[in-house]
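Protein chains in written order, with the numbering used here: chain A, 1057 to 1287; chain B, 1057 to 1287. Please read the structure below before turning to the comments.
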DNA sequence: TCAAAACAATTGGTCATGCCACTTGACCAT
DNA sequence: ATGGTCAAGTGGCATGACCAATTGTTTTGA
């Protein structure tokens, strides 16, 4: 049985939609002054607080401008493309990680401390021990990459890497994506991680960069082959 | 004479910012239920309508969910880029831009549209015309780089580049830093920008990458030589 | 005994009213 | 003309009240 969630659309939304419609259809032109809140309230048949709520919504939407003491005016409608705020695709994330983490790794090779190296080795241990439990294993994977980013000693880079991993964990798309990969038995290779550590241990930026690149690349490849075969 | 317009920030905005901050900093976790509107009003010291307006703003922003008769709940947050600790140094920003923007430029070379190319040329025009006024000139500079990031057609990358430039503009350190450079007459070279466009026009990723790298590198160099000589 | 129905408390949704601060424009004094 | 004053209009905010939906508790009935 299919049930739709009942949308008790709030009043202010209806009011806002009504005004917004008038603006879009050209009944109200740019620069026009809307009637005062009190008049609007009376004409639409709602209370002033409701009108205010609607106006705030419209203001946030960039449709009107509220000038205290003066009135409410229609804003110049900018055709501005929607800030494609919605979601970053899993492949976009992988591509970006390929770029940023590789360089972070190269930087880290020159700057990493012995303590941080030890932490990385510990993380590998975690991954080996808990390879059965995918959750914990992925946790360790993320920890590994974040540690390297921090070892680059560039706070902007580590902030970016952290953000990318949060995106990966959070995005619904990426989530189901990773879940599918996991089910297929594709998981981060411990050997690749060890190669990265080896490059860092000898403080060789070139090798470190390459190791990280091939690591992420292999993740991308297994992902895309999976999707291709799926079709 | 420079005068800034006084902004009388409305109360509900302050309330919304306060709540939003609490959520972002983790003081309020996702899924948590906020105190009731009446309690919030009393605790924050504003009236209930004001709280409601703030909640509407937060709901539109996708930070909270309002369930009639039940309460107000914090929604799953999309991760956000923000400086790890206390600020990001100007050199860190430059280093990171060197990495990210170079690759963004290489990607853009393969994916940029003719319209975007034209926009870039227009931006150069702006820079030439307004080369006297440093403010406008820098504005155009930023626009130029953001356009290239967008042309990479990777939303994660363009978000990062945008973030880096915002950091550059915001950070007090970077600000005084840039001010000093400006005073010394060091400003972005238009010729370098033209070389970048040329590489993009022939859709050559390698040349585009190199052009962008040398552009940012020269900025870094002039910056560090300046600091070195200063000491 | 226990599930269903009724109730009560809590919460958001809306309304009405009042007062304040700011804007604006008309009017007045200089 | 210039500037200063003032009143009307407008948005900003507070208060208090009532309604409707939700949720947990109590009562009821088989």
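All C-beta atoms, glycine included, are put in the ideal place defined by N, C-alpha and C.
Note on residue 1065/B: under 16 other CB atoms within 10 angstroms of its CB, so exposed under the neighbour-count rule. For residue 1157/B, the enclosing alpha helix (DSSP H) begins and ends at 1146 to 1167. Residue-level contact check: residue 1121/B does not touch chain A, since none of the beta carbons of chain A fall below 7 Å from its beta carbon. In the displayed model, residue 1131/A falls within coil according to three-state DSSP, outside both helix and strand. For residue 1116/A, no beta strand (DSSP E) encloses it; the enclosing alpha helix (DSSP H) starts and ends at 1104 to 1116.
Put simply, the backbone Cα of residue 1107/A is about 14 Å away from that of residue 1116/A. The beta carbon of residue 1085/A sits closer than 8 Å to those of 1130, all from its chain and outside the five residues before and after it, given in chain order.
Residue 1164/B sits away from residue 1152/A, with the two beta carbons spaced by 7 Å or more. Of the residues 1104/B, 1144/B and 1259/B, the one whose Cα lies closest to the Cα of residue 1222/B is 1144/B. For residue 1121/A, the enclosing beta strand (DSSP E) stretches over residues 1120 to 1123. Think of a sphere of 7 Å around the beta carbon of residue 1124/A: the chain B residues whose beta carbon falls inside it are 1064, in chain order.
Among the residues facing chain A, residue 1112/B is included, as its CB has a counterpart in that chain under 7 Å away.
Using a CB distance cut-off of 7 Å, residue 1144/A counts as an interface residue toward chain B. Contacts with chain A (Cβ-Cβ distance below 9 Å) from the segment 1159 to 1173 of chain B involve 1159, 1160 and 1163, listed in chain order.
With the criterion set as a beta carbon lying under 8 Å from some beta carbon of chain A, the members of the segment 1200 to 1211 of chain B are 1210 and 1211, in sequence order.
When C-alpha distances from residue 1248/B are compared across 1216/B, 1206/B, 1201/B and 1205/B, the shortest belongs to 1201/B. The shortest C-alpha to C-alpha distance from residue 1176/A to any of 1196/A, 1158/A and 1157/A is the one to 1196/A. Taking the Cβ atoms as the reference, residue 1205/A lies roughly 4 Å from residue 1214/A, within the contact range of under 8 Å.
At a cut-off of 7 Å between beta carbons, residue 1152/A contacts chain B.
Counting only the Cα atoms, residue 1278/B lies some 17 Å from residue 1267/B.
Identification of chain B residues near residue 1108/A by a Cβ-Cβ cut-off of 8 Å yields 1105 and 1109, ordered along the chain. Residues of the same chain with a CB within less than 7 Å of the CB of residue 1208/B, apart from the 5 flanking positions on each side, are 1160, 1163, 1164, 1167 and 1214 in chain order. With fewer than 16 other CB atoms across the displayed protein chains lying within 10 angstroms of its CB, residue 1184/B is exposed. Residue 1112/B and residue 1109/A do touch by the CB rule: their CB atoms are close to 6 Å apart, below 8 Å. Between residue 1224/B and residue 1149/B, the C-beta gap is smaller than 7 Å, which places the two residues in contact. Put simply, the CB of residue 1148/B is near chain A, with a gap under 7 Å to one of its CB atoms. Nearest Cα to residue 1260/A within the set 1158/A, 1203/A and 1171/A: 1158/A. Approximately 13 Å separates the beta-carbon atoms of residue 1095/A and residue 1071/A; this is outside 8 Å, ruling out the contact. Exclusion of the five residues before and after residue 1274/A leaves 1245 and 1248 as the residues of its chain whose Cβ lies within less than 8 Å of its Cβ.
For residue 1176/A, no chain B residue has a C-beta closer than 7 Å to its own C-beta; the minimum C-beta separation is roughly 19 Å.
Chain B has a Cβ within less than 7 Å of the Cβ of residue 1116/A. DSSP places residue 1250/B in the helix class (H, G or I) of the three-state scheme. Here the alpha carbons of residue 1179/A and residue 1257/A stand approximately 15 Å from one another. Using a Cβ distance threshold of 7 Å, residue 1105/A and residue 1105/B count as a contacting pair. Listed as beta-bridge partners of residue 1089/B by DSSP are 1129/B.
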